[in-house]
Amino acid sequence: MNALNKIAAGVVGLALVAGIAWFFRSDPIFMISGKQLSGQAAPYPRDWGFSDDYSTIAIETNPGDPHSVTTLCFVHEGVLYVPAQGGSSKQWTQFVLDDPRVRLKVGKKIFHAKAERVLPLNILEYKDSLGSKYPKMKDRSPEEVPEDLWLFRIRPMIG
Numbered sequence: 036m037n038a039l040n041k042i043a044a045g046v047v048g049l050a051l052v053a054g055i056a057w058f059f060r061s062d063p064i065f066m067i068s069g070k071q072l073s074g075q076a077a078p079y080p081r082d083w084g085f086s087d088d089y090s091t092i093a094i095e096t097n098p099g100d101p102h103s104v105t106t107l108c109f110v111h112e113g114v115l116y117v118p119a120q121g122g123s124s125k126q127w128t129q130f131v132l133d134d135p136r137v138r139l140k141v142g143k144k145i146f147h148a149k150a151e152r153v154l155p156l157n158i159l160e161y162k163d164s165l166g167s168k169y170p171k172m173k174d175r176s177p178e179e180v181p182e183d184l185w186l187f188r189i190r191p192m193i194g
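As structure tokens, this is what we get:
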């Protein structure tokens with residue numbers, strides 16, 4: 036077997052392994068979406084301050100056919116918020132508009148909640164809270180805020 040055939044066989048093998056991993060995935064990995072989140076169910080927290088220990092969380096949408104992504108989050112006045120840059124073009128945001136039930140994975144714990152889109156959005160209202168968790172965002176000017184930024188308020192499931 037010559038070197039080119041060995042390389043081709045390696046690429047095919049790697050593609051096969053990646054395809055199998057993709058099919059059986061659960062949690063999202065960086066920018067690759069996942070399916071149903073894995074983890075231990077936990078009661079809805081009274082205080083989301085512990086989420087500041089994590090730079091990203093995972094959000095699962097579309098309960099009938101779970102779709103999960105990695106995203107940022109921050110706490111403002113005791114409430115958890117999840118932003119979506121390019122919100123109008125994201126699949127997960129459209130799922131939330133259709134069905135607000137979500138599951139959040141923070142660390143290894145899973146929280147059932149609902150997500151409400153914040154409208155109208157004045158992102159400057161949240162600037163200090165966002166900046167306390169992500170210091171690089173604190174000094175951004177209003178012109179640096181992405182035009183298609185969506186924000187979701189996380190609330191407990193009732194009923």
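Following the working numbering from start to finish, the sequence shown increments by one per residue and tops out at 194. All residues carry an ideal CB built from backbone N, CA and C; glycine is no exception. Computed from a prediction, not measured in an experiment: that's the story for all the values here.
Beta-carbon gap between Glu-160 and Arg-188 smaller than 7 Å | In this structure, the beta-carbon distance from Glu-160 to Arg-188 does not fall below 7 Å.
Reduced DSSP category for Gly-69 - H, G, I as helix; E, B as strand; rest coil | Secondary structure of Gly-69 (DSSP, three-state): strand.
Starting from the Cα of Gly-69, find the closest Cα among Gln-126, Ile-158, Arg-190, Val-153 and give me that residue.
-> Of the candidates Gln-126, Ile-158, Arg-190, Val-153, Gln-126 places its Cα closest to the Cα of Gly-69.
Cutoff 8 Å; reference Pro-80; Cβ partners in own chain excluding five residues on either side = Sequence-distant partners of Pro-80 (beyond 5 residues in either direction) whose C-beta falls short of 8 Å from its own C-beta, in its chain, are Phe-146.
Is the Cβ-Cβ distance between Ala-93 and Lys-144 less than 7 Å?
-> Lys-144 sits away from Ala-93, with the two beta carbons spaced by 7 Å or more.
So what's Asp-116 in DSSP terms, helix, strand or just coil?
-> The question names Asp, but residue 116 is Tyr in the sequence shown. Three-state result, Tyr-116: strand.
Can you check the stretch 133 to 193 for any alpha helix (DSSP H) of at least 4 residues that lies completely inside it and give the ranges in chain order?
-> Those alpha helix (DSSP H) runs which fall completely within the stretch 133 to 193 and span 4+ residues are 162 to 168, 170 to 173.
For Phe-109, count neighbouring Cβ atoms within 10 angstroms of its own Cβ and tell me buried if that reaches 16, exposed if not.
-> Per the 10 Å Cβ criterion, buried.
Using DSSP with H/G/I as helix, E/B as strand and the rest coil, what is Thr-128?
-> Three-state DSSP puts Thr-128 in a helix.
Since Ala-93 is in the beta strand (DSSP E), which residue starts that stretch and which ends it?
-> Residues 92 to 96.
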